[in-house]
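Down below is the structure, laid out as structure tokens.
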Amino acid sequence: MSNQRGKIDFLQGNDAIVEGALLAGCRFFAGYPITPSSEIMESMAAKLPPIGGVFVQMEDELGSIAAAIGASLTGVKAMTATSGPGFSLMQENIGLAIMCEVPIVIVNVMRGGPSTGLPTKASQADVMQAKWGHHGDGEVIALSPWSVQECLDLTIKAFNLAEEYRTPVIILSDAILAHLREVVTIPDHEEIKIVERKYPKVPPEEFVPFKADESLIPPMATLGKGYKIHYTGLSHDERGYPTDDPENYRKLIERIIAKIRNNIDKIASWDVKFVEDAEIVLISYGSSARAALQACIDARKQGYKVGFLRLITIWPFPEKIVKKISENSNQILVLEQNMGQVLHLIKETVEEGAKVYFHPKLGGEPFTPQEILKQIRRITG
Amino acid sequence: MKVSPIRKYLREERLPTIFCPGCGLGIIINATLTAIDQLKIDMDKTVMVSGIGCSGRIPGYIKVDSLHTTHGRAIAYATGIKLANPELNVIVFTGDGDTGAIGIGHFVHAARRNIDIKVICINNLNYALTGGQFSPTTPKGAWTYTSPYGNIEGFFDLCELAVVAGASYVARWTVREVYNLINSIKKALKKKGFCFIEVVSPCPTNFGRRNKMETAQKIINFFKEREIKVKDAKGLDREELRGKLIIGEFVDRELPEFTETYKELILVSQKKFKEPEKPGLAWIELEIRY
Numbered sequence: 093m094s095n096q097r098g099k100i101d102f103l104q105g106n107d108a109i110v111e112g113a114l115l116a117g118c119r120f121f122a123g124y125p126i127t128p129s130s131e132i133m134e135s136m137a138a139k140l141p142p143i144g145g146v147f148v149q150m151e152d153e154l155g156s157i158a159a160a161i162g163a164s165l166t167g168v169k170a171m172t173a174t175s176g177p178g179f180s181l182m183q184e185n186i187g188l189a190i191m192c193e194v195p196i197v198i199v200n201v202m203r204g205g206p207s208t209g210l211p212t213k214a215s216q217a218d219v220m221q222a223k224w225g226h227h228g229d230g231e232v233i234a235l236s237p238w239s240v241q242e243c244l245d246l247t248i249k250a251f252n253l254a255e256e257y258r259t260p261v262i263i264l265s266d267a268i269l270a271h272l273r274e275v276v277t278i279p280d281h282e283e284i285k286i287v288e289r290k291y292p293k294v295p296p297e298e299f300v301p302f303k304a305d306e307s308l309i310p311p312m313a314t315l316g317k318g319y320k321i322h323y324t325g326l327s328h329d330e331r332g333y334p335t336d337d338p339e340n341y342r343k344l345i346e347r348i349i350a351k352i353r354n355n356i357d358k359i360a361s362w363d364v365k366f367v368e369d370a371e372i373v374l375i376s377y378g379s380s381a382r383a384a385l386q387a388c389i390d391a392r393k394q395g396y397k398v399g400f401l402r403l404i405t406i407w408p409f410p411e412k413i414v415k416k417i418s419e420n421s422n423q424i425l426v427l428e429q430n431m432g433q434v435l436h437l438i439k440e441t442v443e444e445g446a447k448v449y450f451h452p453k454l455g456g457e458p459f460t461p462q463e464i465l466k467q468i469r470r471i472t473g
Numbered sequence: 127m128k129v130s131p132i133r134k135y136l137r138e139e140r141l142p143t144i145f146c147p148g149c150g151l152g153i154i155i156n157a158t159l160t161a162i163d164q165l166k167i168d169m170d171k172t173v174m175v176s177g178i179g180c181s182g183r184i185p186g187y188i189k190v191d192s193l194h195t196t197h198g199r200a201i202a203y204a205t206g207i208k209l210a211n212p213e214l215n216v217i218v219f220t221g222d223g224d225t226g227a228i229g230i231g232h233f234v235h236a237a238r239r240n241i242d243i244k245v246i247c248i249n250n251l252n253y254a255l256t257g258g259q260f261s262p263t264t265p266k267g268a269w270t271y272t273s274p275y276g277n278i279e280g281f282f283d284l285c286e287l288a289v290v291a292g293a294s295y296v297a298r299w300t301v302r303e304v305y306n307l308i309n310s311i312k313k314a315l316k317k318k319g320f321c322f323i324e325v326v327s328p329c330p331t332n333f334g335r336r337n338k339m340e341t342a343q344k345i346i347n348f349f350k351e352r353e354i355k356v357k358d359a360k361g362l363d364r365e366e367l368r369g370k371l372i373i374g375e376f377v378d379r380e381l382p383e384f385t386e387t388y389k390e391l392i393l394v395s396q397k398k399f400k401e402p403e404k405p406g407l408a409w410i411e412l413e414i415r416y
């Protein structure tokens, strides 16, 4: 629960995302109906026109993200929302947003896959797709809320990160959070921190659109302001002009990755509890972490020394905290609703000698604290 | 020496272009910039958007805010730009593969919404940037790398599609009819609504050479032999139009434009919240307009 002052409401996760987006200044939404994310676009369709914002229902998800990227280039905060199949269709244009460094927020309300899978039930199986779904290298930011309140708070954060780092930011919600109703504090506008994008400070004739200072993030000119910028998905030089020069390409890709990775300490957040004396640490994220925390509390009552780490930022992957935890506790139990995705990142990150156990949950039902407790007993013997 | 009036619009530091000798894209850039120059269009308030293919490279040579996007999606990007800032003139350069195949959904839906975007579709009768494969507008029987025994697929009439989908203005010319093309672009730029101009253009490198038309002149002669004006084509059946290339204006009509209607929708939504006892009245008025 946030400590901010504001209005108390009783909302589902999808609605909380809309509240967060509007508070953050989102004034453009393009989408295409898909379960379990449709309430986001329905709510946007009702709420954007009265405040002068734009809502458009596109012909498919490729068009939705394309329209949102186009809108963002005109200086408007823009967003789209979808679920697995639609997220797959968006991947090529997510790549364009990375390459052209366009701020945009994409909500993926995860459901079971592959293919049509389990449209009405949850999964956490798009974690890898969020980072690696588009072709080529690159870096994105992905956030994973675990409560309705966090759906709101992290959506505000997503817009701030997108604007600050000129990058797509993905919110990885899921079908459980989407339709879960909880008490939420909708903060007053003055209570929240809003980050606006950096605009050029020099006139058009002096502006080099993709030349960055030490922040590695170039200021962004808005379409229609006389800057006459050329954006291309092709490898481009600092002027934005296409070039296939190998050295130029290497510099470009290194910069768009480094501008995020160099700031991982500023971007990444997590929630850590009871790890000081823990012999085993549960690592989870999103709605799965709710049962994990309960299991942790229940296990401690029964005398098991169990710790809890919840990843709020999935990408860039917060290696430092995972490494630190594995220094103290050499047993880790990863809990996620898939056949193992964040699991691999954790295995790659932990200190030598740490044992990483995995308990997957498939089928769309949430984890129960009891089943996690059973795993804890099994591991600790 | 007389300097061309369009030269000031070009990013000269990027010249020469990557276009092949005999390509029609130069003529189309010239026609577009001439129309812009004659109408004194504010280039600070203009955005040019393209997809992938030879046509996709056009905006990069013009001093203007420009977006070279993904294959087929130019019209969807343009939709977002125009809706987010309706003050901008939004011009899309696209090709027959971009618009007629991979991006056909965005094309017909933008025409259905009748959003104020001006689409110049360069139809060079094949996928040229990838080396010459058949496209949805390649003539039947033509040799391409993916139709080595002759193309057996039917020809898409993109202009007819734009008309039935609801565009405000639709025209087709070949690069032969430069003045008609300039006039059509001028009409489109002045019009409020979705405008679609198809320009049939020679591709000697990839289409011509494989179809016994190795020069631009031979391809242009091929267009000339087959051209029939819209008014002359009226009343002819499919059989009589076989092998013909219909040129001219297909439609020029006044229809409600999407960003204008959206502005009304904003007012409706605001009024609706003030008068909850009478929901839906304004919607009925809107429906009558259609």
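From first to last, the protein sequence lines are chains A and B.
Residues 93 to 473 in this note's numbering are what the first sequence spells out, letter by letter.
Residues 127 to 416 in this note's numbering are what the second sequence spells out, letter by letter.
Note that beta-carbon positions come from the ideal geometry of N, C-alpha and C, so glycine has one too.
1) Using a beta-carbon distance cut-off of less than 7 Å, what residues from the segment 136–157 of chain A approach chain B?
2) With 9 Å as the threshold, decide whether the Cβ of Lys99(A) is near any Cβ in chain B.
3) Figure out for me which residue from Ser421(A), Leu465(A), Leu115(A), Ala360(A) has the closest Cα to the Cα of Gln394(A).
4) Given a cut-off of 9 Å, decide if Leu159(B) and Leu136(B) are closer than it, judged by their beta-carbon atoms.
5) Using the beta-carbon count (16 or more within 10 Å), is Phe376(B) buried or exposed?
6) Just to confirm, are Ile321(A) and Gly332(A) a CB contact at a threshold of 9 Å?
7) Check this for me: beta carbons of Gly162(A) and Thr225(B), under 9 Å apart or not?
8) What is the rounded straight-line gap between the Cα of Glu366(B) and the Cα of Leu381(B)?
9) Kindly say whether Pro177(A), judged by its beta-carbon, lies nearer than 9 Å to any beta-carbon of chain B.
10) Below 6 Å CB to CB, which residues in the same chain sit around Gln259(B) once its five sequence neighbours on both sides are set aside?
11) Start and end of the beta strand (DSSP E) containing Cys321(B)?
12) Where are the beta strand (DSSP E) runs, 3 residues long or more, that stay fully inside the segment 135–218 of chain B, in chain order?
13) When the Cα of Val216(B) is compared with those of Gly319(B), Leu371(B), Gly148(B), which residue comes out closest?
14) Give me whichever residues DSSP pairs with Glu428(A) in a beta bridge.
15) Using beta-carbon positions only, say whether Ile375(A) and Leu401(A) come within less than 9 Å of one another.
16) Note down, in chain order, each residue of its chain lying with its Cβ closer than 6 Å to the Cβ of Leu435(A), except the 5 sequence neighbours on either side.
17) Please say whether Lys447(A) and Ile424(A) have beta carbons closer to each other than 9 Å?
18) May I ask which residues mark the beginning and end of the alpha helix (DSSP H) holding His232(B)?
19) Taking C-beta to C-beta, are Ile286(A) and Asn252(A) nearer than 9 Å?
20) So Ser129(A) and Ala250(A) are supposed to be a Cβ contact under 8 Å. How far apart are they, rounded?
21) Rounded to a whole number of angstroms, what is the C-alpha to C-alpha distance between Ile345(A) and Ile352(A)?
22) Assuming Ser395(B) and Gly150(B) are in contact, meaning their beta carbons sit under 8 Å apart, how far apart are those beta carbons, in whole angstroms?
23) Exposed or buried, Glu403(B), counting other C-beta atoms within 10 Å across all chains shown (16 or more means buried)?
24) Use the C-beta contact count for Gln343(B): other C-beta atoms within 10 angstroms, 16 or more gives buried, fewer gives exposed.
25) Is Gln396(B) close to chain A? Criterion is C-beta to C-beta, closer than 9 Å.
26) So, does the segment 226–240 of chain B touch the segment 284–295 of chain B, judging by three or more C-beta pairs under 8 Å?
27) Can you tell me the Cα-Cα spacing of Gly231(B) and Glu151(A), whole angstroms?
28) Let me confirm a value: Lys99(A) is counted as buried when at least 16 other C-beta atoms fall within 10 Å, else exposed. Which label applies?
29) Nearest by alpha-carbon distance to Glu351(B): which of Arg336(B), Leu315(B), Arg368(B) is it?
30) Hey, could you find the ends of the alpha helix (DSSP H) Trp238(A) is sitting in?
31) Give a yes or no on whether 9 Å exceeds the smallest Cβ distance from Ile207(B) to chain A.
32) Assuming the contact rule is C-beta atoms closer than 8 Å, Ala288(B) and Ser261(B) should be a hit. Round their C-beta distance to whole Å, please.
33) With distance defined between alpha-carbon atoms, name the residue in His194(B), Leu255(B), Lys355(B), Gly276(B) nearest to Gly177(B).
Walking through what the data contain:
1) Pro141, Pro142, Gly144, Val146, Val148, Met150, Glu151, Asp152, Leu154, Gly155
2) no
3) Leu465(A)
4) yes
5) buried
6) yes
7) no
8) 32 Å
9) no
10) Tyr253, Thr270, Tyr271, Thr272
11) 321–326
12) 172–176, 191–194
13) Gly319(B)
14) Pro452(A)
15) yes
16) Val426, Phe450
17) yes
18) 230–239
19) yes
20) Not quite, the Cβ-Cβ distance comes to about 15 Å (not below 8 Å), so this is no contact.
21) 12 Å
22) Rounded, the Cβ-Cβ distance is 46 Å, inconsistent with contact.
23) Confidence at Glu403(B) is low in this model, with a pLDDT of 49, below 50, so its placement is unreliable and the value that follows should be read with caution. Exposed, since its Cβ has fewer than 16 Cβ neighbours within 10 Å.
24) exposed
25) yes
26) yes
27) 7 Å
28) exposed
29) Arg368(B)
30) Element bounds for Trp238(A): n/a, residue is neither H nor E.
31) yes
32) So it is not a contact: roughly 17 Å between Cβ atoms.
33) His194(B)
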